[in-house]
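**Q** Residue numbers (this note's numbering), protein chains in the order written: chain A, 1 to 260; chain B, 1 to 322.
Every residue gets a Cβ at the ideal spot worked out from N, C-alpha and C, and that includes glycine.
Submitted below is the structure of interest, expressed as structure tokens.
Next comes the structure, spelled out in structure tokens:
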């Protein structure tokens with residue numbers, strides 16, 4: 001059983017982040033990086049499937065600059081067998097479709113039985129990269145999965161729908177699933193495993209290494225960001241200032257006024 | 001025909017409300033484009049597609065397109081092939097679908113396979129020579145604007161509950177059946193539905209919800225907020241991470257995959273306000289948010305906000321109540 005797990009090192013804004021003057025992005029000094037929360041669940045699902053099968057491998061793949069190495073090392077420390085990182089300067093600002101196109105070029109030669117993606121990333125929240133990857137690979141797919149049961153060459157999976165409804169579907173392998181949080185309890189890596197992760201294979205590839213050129217990347221790109229800005233606050237938002245005691249008193253009086 | 005195509009949604013025989021929001025958005029963007037957007041068509045892909053047609057053709061809609069699915073329930077690969085067939089035949093320049101679990105299961109694959117312009121979770125739409133989409137960035141702490149220059153067709157997934165819906169009722173737009181070869185398109189088999197079990201409490205009926213999130217940090221801290229809720233006369237609800245961690249039952253979860261609540265007061269403590277959470281509580285009459293992060297997206301929908309530590313505030317609230 002070979003399971004490929006695309007992962008992303010996501011950027012969170014710290015308390016003092018600043019927008020670049022030209023509105024093209026955020027000053028990199030204001031970013032904190034971590035492995036996407038959703039990907040910790042897809043990775044755990046992959047590790048459990050490999051271990052239950054008794055053989056096979058889990059390959060973590062990421063499109064990203066050197067920051068992404070951290071996330072891949074964390075995946076290796078938790079138990080992935082090897083890692084692949086694809087990067088080129090052409091990929092700065094890549095949207096979900098470009099990332100999916102690059103992942104497809106790296107994943108296709110692996111001929112995996114299963115590709116497990118996170119439902120979304122916590123920074124971009126496109127919820128699109130996984131299913132776009134399935135589109136490029138021509139793999140059958142199910143989005144937003146909260147339970148996976150493998151049964152030989154097929155899998156029974158639960159799709160989490162809106163409003164507390166769940167649909168059970170069967171899909172044949174090879175397939176791609178996007179995995180929802182809460183599907184399992186992601187493991188922590190031991191200190192020893194974190195040290196040993198550096199001994200595991202981590203391949204770094206360029207666009208050319210995966211057989212893509214700048215023209216193909218431009219063609220895959222689905223959008224062009226022309227502005228980044230602070231959101232407007234909701235209409236009625238009023239910030240309660242003062243000491244914690246004063247704010248508590250104010251909240252209590254608002255509640256009393258509204259509830260009676 | 002260059003135009004705007006809406007992809008309506010049905011589940012278990014019923015049109016989903018977001019369909020009417022998509023039509024509202026299409027009619028508005030057509031007007032904003034000064035008619036450059038072209039005609040507005042509404043497509044429905046469903047086993048029972050013709051039955052839904054009249055509800056989807058209000059004034060302003062030029063045509064309703066029905067595609068009859070060979071399978072009873074929504075199936076992502078059927079929808080994928082159907083949409084690809086519609087794009088090929090109708091050649092719309094803008095396609096609006098929902099940022100819903102169903103559409104997320106096939107729309108990105110259509111965008112990938114057909115070189116479309118694409119953006120998901122779009123919360124505002126305008127026109128400047130072509131469609132312009134606004135969506136969140138960095139977990140909705142910032143907003144970004146996108147154009148799709150050079151794309152013949154752009155597919156946008158719109159956030160539910162954000163665009164004004166058309167008034168419900170039937171319309172008289174002409175209906176055209178589009179016959180597509182979908183017989184072998186399905187690649188998954190429907191086995192059944194399951195409702196998440198109801199718990200001992202119905203949070204949708206509560207007048208006052210005290211809702212806690214990730215900020216609670218530890219399972220052992222929940223009890224304290226259960227006590228606070230009791231003293232306040234509130235019902236305790238939670239955001240997704242507390243259910244994912246197995247600390248609280250899903251019956252208490254507010255959000256897209258949990259419950260949509262409309263209390264008179266929603267007091268959110270330690271909840272940053274992911275879009276899926278906001279979808280379940282933005283209809284509360286009064287929202288009070290307490291969070292240590294002044295940039296937390298929940299402050300964008302709150303009526304009152306306090307940048308405070310939830311534990312310290314809980315202490316002070318108890319003092320006030322005594």
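Checking contacts by CB at 8 Å: is residue 300 of chain B closer than that to chain D?
**A** The structure shown contains no chain D; its protein chains are A and B.
**Q** What distance in whole Å lies between the Cβ atoms of residue 156 of chain A and residue 168 of chain A, which are believed to be in contact at a cut-off of 8 Å?
**A** Contact holds; Cβ gap of about 6 Å.
**Q** Just the Cα atoms here: how many angstroms apart are residue 242 of chain A and residue 217 of chain A?
**A** Rounded to the nearest angstrom, the two C-alpha atoms are 52 Å apart.
**Q** Taking the alpha carbon of residue 101 of chain B as the point to measure from, which residue in A:96, A:131, A:91, A:114 has its own alpha carbon closest?
**A** Selected option, being the one with the closest Cα: A:131.
**Q** Closer than 9 Å between beta carbons: that is the criterion. Which residues of the region 139–161 of chain B meet it against chain A?
**A** Residues 139, 140, 141, 142, 143, 144, 145, 146, 147, 148, 149, 150, 151, 154, 155, 157, 160.
**Q** In terms of residues, what are the limits of the beta strand (DSSP E) holding residue 241 of chain B?
**A** Residue 241 of chain B -> not in any beta strand (DSSP E); alpha helix (DSSP H) instead, spanning 240–244.
**Q** Determine the extent of the beta strand (DSSP E) in which residue 152 of chain B is found, giving its start and end residues.
**A** Residue 152 of chain B -> no beta strand (DSSP E), and no H or E assigned at all.
**Q** Roughly how many whole angstroms lie between the Cα atoms of residue 5 of chain A and residue 225 of chain A?
**A** Residue 5 of chain A and residue 225 of chain A: Cα-Cα distance of roughly 28 Å.
**Q** Taking only runs of the beta strand (DSSP E) that begin and end inside the region 37–88 of chain B, which ones reach a length of at least 3 residues, in chain order?
**A** Within the region 37–88 of chain B, the complete beta strand (DSSP E) runs of at least 3 residues are 39–46, 63–68.
**Q** List the residues of chain B whose Cβ lies closer than 7 Å to the Cβ of residue 198 of chain A, in chain order.
**A** Chain B residues near residue 198 of chain A: none, gap ~30 Å exceeds 7 Å.
**Q** Under the assumption that residue 221 of chain A contacts residue 97 of chain A (Cβ atoms under 8 Å), give the Cβ distance between them as a whole number of angstroms.
**A** About 6 Å separates the two Cβ atoms, so the contact holds.
**Q** So what's residue 297 of chain B in DSSP terms, helix, strand or just coil?
**A** Residue 297 of chain B: helix per DSSP, three-state reduction.
**Q** Can you find a CB in chain A that lies within less than 8 Å of the CB of residue 222 of chain B?
**A** So no, residue 222 of chain B is outside the interface.
**Q** For the region 178–205 of chain A, list every residue whose C-beta sits within 9 Å of some C-beta in chain B, in sequence order.
**A** Of all residues in the region 178–205 of chain A, 178, 180, 181, 182, 183, 185 have a Cβ within less than 9 Å of some Cβ in chain B.
**Q** Nearest to residue 323 of chain B by alpha carbon, out of B:48, B:54, B:64?
**A** Limits of chain B in this structure are 1 at one end and 322 at the other, which puts residue 323 of chain B out of reach.
**Q** From what residue to what residue does the beta strand (DSSP E) around residue 42 of chain A run?
**A** Segment 37–53 is the alpha helix (DSSP H) holding residue 42 of chain A; no beta strand (DSSP E) there.
**Q** Would you verify that the beta carbon of residue 126 of chain A is, or is not, closer than 8 Å to some beta carbon of chain B?
**A** Yes, its Cβ sits closer than 8 Å to a Cβ of chain B.
**Q** Look at residue 211 of chain A and residue 112 of chain B and say whether their C-beta atoms are less than 8 Å apart.
**A** The answer is no: Cβ separation not under 8 Å.
**Q** Against chain A, does residue 277 of chain B count as a neighbour if the rule is that its beta carbon must be under 8 Å from one of theirs?
**A** It does not; no Cβ of chain A falls within 8 Å.
**Q** At which residues does the alpha helix (DSSP H) containing residue 248 of chain B begin and terminate?
**A** Run containing residue 248 of chain B: none; DSSP gives neither H nor E here.
**Q** Out of B:280, B:151, B:200, B:5, which has the shortest C-alpha to C-alpha gap to residue 92 of chain B?
**A** For the residues B:280, B:151, B:200, B:5, the minimum Cα distance to residue 92 of chain B belongs to B:5.
**Q** When you compare the CB positions of residue 58 of chain B and residue 23 of chain B, do they come within less than 8 Å of one another, or not?
**A** Contact flag set, yes.
**Q** Going straight from the alpha carbon of residue 160 of chain B to that of residue 124 of chain B, what length do you get?
**A** Distance between the alpha carbons of residue 160 of chain B and residue 124 of chain B is about 11 Å.
**Q** To the nearest angstrom, how far is it from the Cα of residue 70 of chain A to the Cα of residue 82 of chain A?
**A** The straight-line gap from Cα to Cα measures roughly 14 Å.
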